[in-house]
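Q: So the protein sequences, as listed, match chains W and Z. Residues 2 to 219 (my numbering) are what the first sequence spells out, left to right. Residues 466 to 680 (my numbering) are what the second sequence spells out, left to right. Cβ coordinates follow ideal geometry from the N, Cα and C atoms, glycine included.
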Amino acid sequence: MIDKFVPDVAAALAGIEDGSVVLMPGFGNGMPETLLEGLIAQGAKDLTLVVNSGGRDTGPTADLLASGRVRKLVCSFVRADSVAGQQFAAGKLELEIVPQGTLAERIRAAGAGVQAFYTPTGADTILAEGRETRVINGRNCLLEYPIFGDVALVDAWEADRWGNLTHRESARNYNPIMAMAAKLTVVQTRHVVALGDIPPANVHTPGVFVHRVVHIPA
Amino acid sequence: MTFKPLDRVGIAARIARDIPEGWFVNLGIGIPTGVSDHVPVDREVIFHSENGVIGAGPAPEPDKINPYLVNAGTQHITLRTGGSFVHHADSFAIARGGHLDLCVLGAFEVAENGDIANWARKADDPTKQVGGAMDLAIGAKRLWVAMEHNTKGSGESRIRRACSYPLTAKGVVKRVYTDIAVLEVADRGFVVLDMVEGLTRRELQERSEAELYWA
């Protein structure tokens, strides 16, 4: 019998190593906050954190950064007055700014086995300096590589024992694509449902991309 | 004769007048966010929010907030009947893939060749607000910009011969809506489509670094 449920957060995050690339979804909601707190407690360090935004001066992303365990941040947006902005200014954090659509597509590409792609996004900007560009179909394009995760921390509304997931409204955001792009995909779910309870056509993230699920009720 | 510049809400309302029924539209953060408030409900315009919302509707009543439904500015919104949700990669496939009839972005500067600068004031700016602007700017069928014509402090023109801030994208802006005028970006440069009442051509040119042409 396939059963991906684990008893607690510690079991869900067991074995995450120093130096891991951690994919973390979330855009206003849909962020796996309990797993994130668990990652701080778990103690892995020298992490590369891949997330939409560098966050603010408080909150889950800020807490993880403030713990000093993140070596490099890959994101689309950093505020100067955030923990990320301050650590970067102080030379304590490596920063890779990626346009948001390119960030999503690099993650999707990793999950899909695409080893590189060209996109017009950012090709005419300082983000392209020193990098390979090429004119394709008359448009200047920039070469981009996938972002492979060692771990993805995923937030779900419902999960069954195969790891099939649903996500609420706009809380879906990066969750399905990050689940596909990591060697180890760990899910926190609000609700546990029986296998078959999620109508097959309504599964947002199929369980084949999921390795461990932990139930975190509201 | 005196003239009265539009406030930020006024700019948003002016843009809304020019959006026809049936368009699929993304609104950037800042002045553009307010545009949807001025499109009458019976004119069906579908608003995209890049966190995966198709058919974004107005803010909910305070007792009807859904914590799982926000827009790209992380404000609580509603979903219009007929709306749907997609994941982030599909949401940016919409942006990059030419599926949006229009994107309206805020900006620091726009140049007469259609260049836009809207994410940093200098290369080593500690605030790096790229977000989704670069994808939207190169991907939408039309890019319009909403911004004040001049900077608040020194009154410097944001309507430029060339952008002085780091670019978001090259040659993509089709139209600029400011607090005092509406400008089309044409082959010859900025063409004035509209001005606030009481403003003279000479006064508008004085407030613009780029040369203006008249429709």
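Report buried or exposed for Z:W679, applying the criterion of at least 16 other Cβ atoms within 10 angstroms of its Cβ.
A: Exposed is the call here.
Q: Excluding five sequence neighbours on each side, which residues of the same chain lie with their C-beta closer than 8 Å to the C-beta of W:P100?
A: Contacts found: S77, T122, G123, L128.
Q: Determine whether the beta carbon atoms of W:H212 and W:T190 lie at a separation below 9 Å.
A: Contact flag unset, no.
Q: Starting from W:D156, follow the beta strand (DSSP E) in both directions and report where the run begins and ends.
A: Per DSSP, W:D156 belongs to the beta strand (DSSP E) from 150 to 160.
Q: Does W:T167 come out as helix, strand or coil in the three-state DSSP assignment?
A: If DSSP states are grouped into helix, strand and coil, W:T167 belongs with the strands.
Q: Suppose you measure from the CA of W:H168 to the CA of W:A157; what does that come to, to the nearest Å?
A: So the alpha carbons of these two residues sit roughly 5 Å apart.
Q: So Z:R640 and Z:L632 are supposed to be a Cβ contact under 8 Å. How far apart are they, rounded?
A: Not quite, the Cβ-Cβ distance comes to about 18 Å (not below 8 Å), so this is no contact.
Q: In whole angstroms, give me the CA-to-CA distance for W:D58 and W:S83.
A: Distance between the alpha carbons of W:D58 and W:S83: 4 Å.
Q: Can you list, in chain order, the residues of its chain whose CB lies under 6 Å from that of Z:C568, leaving out five sequence neighbours each side?
A: The answer, listed in chain order, is N491, L601, A605, L608.
Q: Taking a contact to mean a Cβ-Cβ separation below 9 Å, would you say W:G182 touches W:G150 in this structure?
A: The sequence as given places Ala at residue 182 of chain W; Gly does not occur at that position. Cβ atoms of W:A182 and W:G150: closer than 9 Å.
Q: Can you name the residues of chain W whose CB is closer than 7 Å to the CB of Z:P631?
A: Simply T126, I127.
Q: Cα separation between Z:R667 and Z:M660?
A: Rounded to whole angstroms, Z:R667 to Z:M660 spans 12 Å at the Cα level.
Q: Applying the 10 Å Cβ sphere with the 16-neighbour rule, what's the burial state of Z:E515?
A: Flag for Z:E515 reads buried.
Q: Taking the alpha carbon of W:A160 as the reference point, which residue from W:V193, W:A117, W:T206, W:E18 has its own alpha carbon closest?
A: Comparing Cα-Cα distances from W:A160 to each of W:V193, W:A117, W:T206, W:E18, the minimum goes to W:V193.
Q: Since W:A42 contacts W:E18 with CB under 8 Å, what's their CB separation in whole angstroms?
A: Incorrect: roughly 16 Å between the Cβ atoms, too far for contact.
Q: Based on Cα-Cα distance, which residue from Z:I624, Z:F468, Z:H503 lies nearest to Z:Q670?
A: It is Z:I624.
Q: Terminal residues of the continuous beta strand (DSSP E) containing Z:G520?
A: Per DSSP, Z:G520 belongs to the beta strand (DSSP E) from 518 to 522.
Q: Tell me which residue opens and which closes the alpha helix (DSSP H) that Z:V474 is part of.
A: 473 to 482 is the span of the alpha helix (DSSP H), which, as asked, contains Z:V474.
Q: If you count every other CB in all the chains shown that lies within 10 Å of the CB of Z:E486, and 16 or more means buried, which is it?
A: Exposed: under 16 other Cβ atoms inside 10 Å.
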